[in-house]
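Peer 1: Dropping the structure in here first, questions after.
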Amino acid sequence: MTIPHKQTTTPGAAVYQNLLAELSAAIALLQALHQQAVEALALSVQEMVRSGSRDVQRIEHTLDQLLGHACLPEGQALFKALCRHYWTLDQQATASYVLAYREMWDADDKNDTEEVQA
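Position 28 (the sequence shown) corresponds to 63 in my numbering; numbering is contiguous.
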């Protein structure tokens, strides 16, 4: 004789599921905001690179903004393109942006790799 199993959901599981759903919604919203910012900056970056802009303040301001959105491949591509352009104007300043990028984003990649290998 087989005894049917009752599926019970523990109160902690329900709280966890609700928290996970809220967190997923917040992450989706954050990703959408990153995407909107990248799209808004794309034309500006393209114009600065195409025109050979020498406006250091504008370039650095844009790089500062892009640094926060380099978590998206599109943001990373714009950041790199503007860094390549800025390199021709100020190699030392560009190197500091590359270092800031590495400190901000490459550390996450290294931690992910270490976790996978462990």
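Every residue gets a Cβ at the ideal spot worked out from N, C-alpha and C, and that includes glycine. For clarity, every value in this text was computed on a predicted model and none was experimentally measured.
For D125, which three-state DSSP category applies?
Peer 2: Looking at D125 - three-state DSSP - the assignment turns out to be coil, as it is neither helix nor strand.
Peer 1: Roughly how many whole angstroms lie between the Cα atoms of Y121 and E138?
Peer 2: Each residue's Cα considered, the two are about 19 Å apart.
Peer 1: Restricting to Cα atoms, I'd like to know which of Y136, L58, Q52, T123 is closest to Q100.
Peer 2: Of Y136, L58, Q52, T123, the residue nearest in Cα terms is Y136.
Peer 1: Between L98 and L113, is the Cβ-Cβ spacing less than 7 Å?
Peer 2: Contact flag unset, no.
Peer 1: Output the boundary residues of the alpha helix (DSSP H) element that contains E138.
Peer 2: Note, E138: premise wrong, no alpha helix (DSSP H); not H, not E.
Peer 1: I'd like to know whether the C-beta atoms of V73 and H96 end up nearer to each other than 7 Å.
Peer 2: It is not a contact, given that the beta carbons lie outside the stated cut-off.
Peer 1: Given L107, which residues of its chain have a CB within under 8 Å of its CB, disregarding the five upstream and five downstream residues?
Peer 2: Taken in chain order, the residues that qualify are Q66, H69, Q70, V73.
Peer 1: Between E109 and the rest of its own chain, which residues show a CB-CB distance below 6 Å, the 5 nearest in sequence each way excluded?
Peer 2: Closer than 6 Å at Cβ, skipping near neighbours: V73.
Peer 1: Would you report the Cα separation of R93 and T123, rounded to the nearest angstrom?
Peer 2: Answer to the nearest angstrom: the Cα atoms are 15 Å apart.
Peer 1: Could you check the C-alpha separation between V91 and W140 for me, to the nearest Å?
Peer 2: Cα to Cα, V91 sits roughly 24 Å from W140.
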